[in-house]
Amino acid sequence: MYFKSISYTLFAFFFFGILIGNAQNSNSNSFRDSTHQLSPGFLPVYIAKTGQHNFYPLKYNLIDTHMVEVNHFSPLIRSENIYQTLGSLEQAHQTMLFQYKRNMGFQRITFPFPLTFKTQDNLNVYELSTAYTKVGYFYGLPNEHMLDLVFAKKIRDGVFSLDLYAATNEGYFVHQASKVLSGDVQYRYATKNGRYGLRASYILNRINNQENGGLQDVQQFIDHQLPDNKGYVVNIPNGLTHIQTHDINFQHFVSLYPKKSTYAGYITHNAHFQKINSSYFDYLDTTLQFQIYTFESDTTADSLSCYKIVNSIQWSNYSPMQLVSDANSYVYLAAGIMHEFFEDQRVRSHFHTFTPFLRANLKLFNFMDIFGTFSYSFGGYTNNDAIAKIRGEWLFRRNINLKVGGHVNVYRVSPDYNFSHFSSNHFAWDWEWGKQNIVDLGADLTYKNYRVEGNLYLLDHFVLFGPEYTPIQVQKFTRVVQLSLYAPIRYKNFGSTFNVMLQNSSSDSIRVPLFAGKTSVYYIFNIFKKKLKFQLGVDLMYNTTYYAPAYLPALYSFYHQENEMIGNYWFLDLYATVRISRIYFFARVGNLLSPVQTYRMFTTPYYPTVDHLFTVGINWRFHD
């Protein structure tokens with residue numbers, strides 16, 4: 000009922016939205032690319048990313064309408080993402096490539112769904128002539144449903160958009176069902192002269208998962224002793240997770256100059272409200288070997304309820320809706336202050352934080368770009384936190400996108416609040432950590448769509464969850480070195496995408512695979528005088544052995560472990576896609592090599608990926 004009610008409601012919404020959009024078609028020209036002529040067959044749609052407080056002028060790109068990636072219906076299986084999972088696409092996941100990214104502000108908890116949960120810093124904004132709609136539906140055996148919907152419509156001088164992902168999965172093993180709903184609604188408006196504008200958005204993230212803690216006897220599964228995967232005993236047969244976040248943001252700006260006076264810039268105000276509710280329930284089975292809880296009790300019903308109110312005001316010499324300039328040189332500057340109020344409603348604690356910030360973007364001689372931000376916090380949990388980031392790009396040849404870049408990110412920040420203050424039925428700590436001192440150094444070379452990148456992380460007093468399910472601060476200075484290559488090769492109807500990375504960590508507490516890679520290889524056949532296109536391809540993923548972090552549902556977190564090594568096995572998927580006009584049909588068969596690799600298909604300890612996954616889907620895009 001959960002999935003069906005969402006499907007019926009949204010189908011009706013989009014059906015009538017499409018009718019209205021077609022009835023109100025505009026003949027206005029797209030100002031982005033004059034090479035795409037307007038016609039009933041194609042109206043170009045452009046997309047850009049915008050920030051919440053740290054926004055820069057917008058850079059729009061033509062939306063991808065090729066059939067190459069359409070079969071990668073989940074972000075987790077896309078070529079550019081190498082992630083460890085719990086064996087199900089809708090459950091917790093984290094990247095195998097060590098990363099540390101932090102923007103200014105307070106963070107209560109980082110949920111382990113980075114590719115599923117939306118935030119205000121990664122929303123899409125659209126530029127279009129009339130309307131754009133994308134509808135995707137995917138069905139996987141034994142009983143998995145996924146719905147992916149995008150609708151954007153131009154309304155006079157504004158653009159309304161809705162982006163939604165919903166999924167249900169009964170799971171492949173005992174007590175593994177999941178339900179996910181993540182979506183955003185957004186409206187963007189500006190006056191014709193650009194002197195005033197606003198952007199309002201709402202994000203809903205919701206997840207209901209049965210958390211089974213993985214298999215109790217991994218070797219039993221590797222030996223395939225049981226004919227039915229539902230027969231294997233799991234570590235947590237009663238765990239339930241519910242997470243729901245509400246995120247509302249309102250941004251508006253006004254220029255400071257009258258029509259005939261000297262330019263004085265813009266004032267932008269941003270108001271943000273975020274509400275988090277989460278709960279974890281488990282009925283304890285004392286007969287099981289897997290006992291993680293530190294207190295004696297028959298059941299656990301842990302909950303979190305908190306909210307955050309953020310206001311920022313800033314001056315800038317550009318507006319949040321301004322396009323990147325084509326001038327040979329320019330200077331974009333911004334300065335402001337952000338106020339945060341946080342309250343944990345369950346334990347009745349609250350605090351205020353003030354964060355002044357600066358931002359700049361310089362373009363020199365038409366080939367050099369420099370970006371920089373700096374922020375420093377006063378008061379509250381993040382008192383004396385400081386973040387400084389600078390990036391430079393040197394463009395050698397514009398026609399082939401040949402450029403060299405580099406960045407230096409310096410963090411002196413508190414760990415997530417969850418590491419310092421936590422209270423539940425079975426876990427409790429109230430600790431004060433020293434500041435984490437983290438430096439991220441990187442250099443990259445880009446040629447067309449190829450990219451080679453090297454990164455060096457220097458970590459001092461880094462905080463993570465240790466093997467005893469409690470936070471630890473790594474006292475040893477740690478160095479993580481990385482080299483990665485992303486190469487999408489295209490030659491006529493043949494194509495392949497290579498994404499490979501090498502890593503090394505100097506600390507036993509931060510484990511990474513020495514090598515991890517993913518490749519997609521395909522060929523496209525033109526049939527019926529190119530009226531129909533057929534794509535046949537394979538996806539292959541591999542990583543070397545390492546002590547991959549395990550997952551603990553009661554803490555919503557991955558943690559360091561030294562009992563199970565994961566890796567040295569190949570994950571092979573076969574897929575086929577058919578394109579007829581704007582409609583794409585595809586089928587995918589996953590984990591074809593699991594029988595010949597003794598069923599050791601794990602990316603996270605205790606959580607196998609079932610063999611022979613089968614998914615079929617349809618993706619339909621309307622460009623006008």
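Going by numbering that gives the first Met the number 0, the sequence shown wraps up at 623, each residue one higher than the last. C-beta atoms are modelled at their ideal positions from N, C-alpha and C, and glycine is treated no differently. Computed from a prediction, not measured in an experiment: that's the story for all the values here.
{"Check": "Phe112 versus Arg510: straight-line alpha-carbon distance, rounded", "Outcome": "20 Å"}
{"Check": "Assumed close pair His92, Leu61 - CB separation to whole angstroms, cut-off 8 Å", "Outcome": "Wrong, their Cβ atoms sit about 29 Å apart, outside the cutoff."}
{"Check": "Inter-stretch contact at 8 Å, needing at least 3 Cβ pairs: the segment 431 to 439 / the segment 450 to 459", "Outcome": "yes"}
{"Check": "Per-residue burial, Ile81 [other beta carbons within 10 Å of its own, 16 or more giving buried]", "Outcome": "buried"}
{"Check": "Ser593, DSSP secondary structure in three states", "Outcome": "helix"}
{"Check": "Supposed close pair Tyr331, Thr354 - CB separation, criterion 8 Å", "Outcome": "That pair is no contact at about 20 Å."}
{"Check": "DSSP-derived helix/strand/coil call for Ile509", "Outcome": "coil"}
{"Check": "Reduced DSSP category for Pro74 - H, G, I as helix; E, B as strand; rest coil", "Outcome": "helix"}
{"Check": "Delimiting residues of the alpha helix (DSSP H) encompassing Ser419", "Outcome": "416 to 419"}
{"Check": "Opening and closing residue of the alpha helix (DSSP H) in which Gln218 lies", "Outcome": "217 to 221"}
{"Check": "For Ala427, three-class secondary structure by DSSP", "Outcome": "strand"}
{"Check": "Per-residue DSSP class, three states only, for Gln344", "Outcome": "coil"}
{"Check": "Proximity test, Trp619 beta-carbon vs the ligand SAH heavy atom, cut-off 8 Å", "Outcome": "Inclusion of the ligand SAH in the displayed structure is not the case, the ligand content being empty and no account of it being possible."}
{"Check": "Asn102 versus Ser324, Arg358, Asn204, Asn542, residue with shortest Cα-Cα distance", "Outcome": "Arg358"}
{"Check": "Rounded straight-line distance, which links the Cα of Phe370 to that of Ala333", "Outcome": "12 Å"}
{"Check": "Inter-residue CB distance, Asn228 and Phe172 (contact presumed, cutoff 8 Å)", "Outcome": "5 Å"}
{"Check": "Contacting residues, own chain, Cβ-Cβ under 8 Å from Val412 (five flanking each side not counted)", "Outcome": "Arg101, Thr381, Asp384, Ala385, Ile386, Lys434, Gln435, Ile437"}
{"Check": "Extent of the continuous beta strand (DSSP E) run through Gln185", "Outcome": "177 to 189"}
{"Check": "Integer-rounded CB distance, given that Val309 should sit under 8 Å from Gly104", "Outcome": "7 Å"}
{"Check": "According to DSSP, residues forming a beta bridge with Lys393", "Outcome": "At residue 393 the sequence reads Trp, which differs from the Lys that was named. The partner list for Trp393 (beta bridge, DSSP) reads Met367, Val403."}
{"Check": "Contacting residues, own chain, Cβ-Cβ under 6 Å from Phe497 (five flanking each side not counted)", "Outcome": "Ala486, Thr518"}
{"Check": "Asn503 (DSSP reduced to helix, strand or coil)", "Outcome": "strand"}
{"Check": "Alpha-carbon to alpha-carbon, Leu455 and Asp443", "Outcome": "12 Å"}
{"Check": "Where Thr372 falls, given that 16 or more other Cβ within 10 Å makes a residue buried", "Outcome": "buried"}
{"Check": "C-beta atoms of Thr624 and Lys153 nearer than 9 Å", "Outcome": "No statement about residue 624 is possible, as the shown extent of the chain runs from 0 to 623 and does not include it."}
{"Check": "Which of helix, strand or coil DSSP assigns to Leu554", "Outcome": "helix"}
{"Check": "Environment of Tyr490 [buried if 16+ CB atoms lie within 10 Å]", "Outcome": "exposed"}
{"Check": "Classification of Ser593 by the beta-carbon crowding that lies within 10 angstroms, buried from 16 upward", "Outcome": "buried"}
{"Check": "Range of the contiguous beta strand (DSSP E) that encloses Met540", "Outcome": "531 to 542"}
{"Check": "Classification of Glu431 by the beta-carbon crowding that lies within 10 angstroms, buried from 16 upward", "Outcome": "exposed"}
{"Check": "Cβ pair His351, Ile312 closer than 9 Å", "Outcome": "no"}
{"Check": "CB contact flag (Met320, Leu57, <9 Å)", "Outcome": "yes"}
{"Check": "Same chain, Cβ closer than 6 Å to Leu531, neighbours up to 5 away in sequence not counted", "Outcome": "Ile579"}
{"Check": "Cβ neighbour criterion (16 or more within 10 Å) applied to Ile582", "Outcome": "exposed"}
{"Check": "Any alpha helix (DSSP H) of 4 or more consecutive residues that is wholly inside the segment 198 to 243", "Outcome": "217 to 221"}
{"Check": "Inter-stretch contact (C-beta, 8 Å, three-pair minimum) for the segment 212 to 225 and the segment 243 to 255", "Outcome": "no"}
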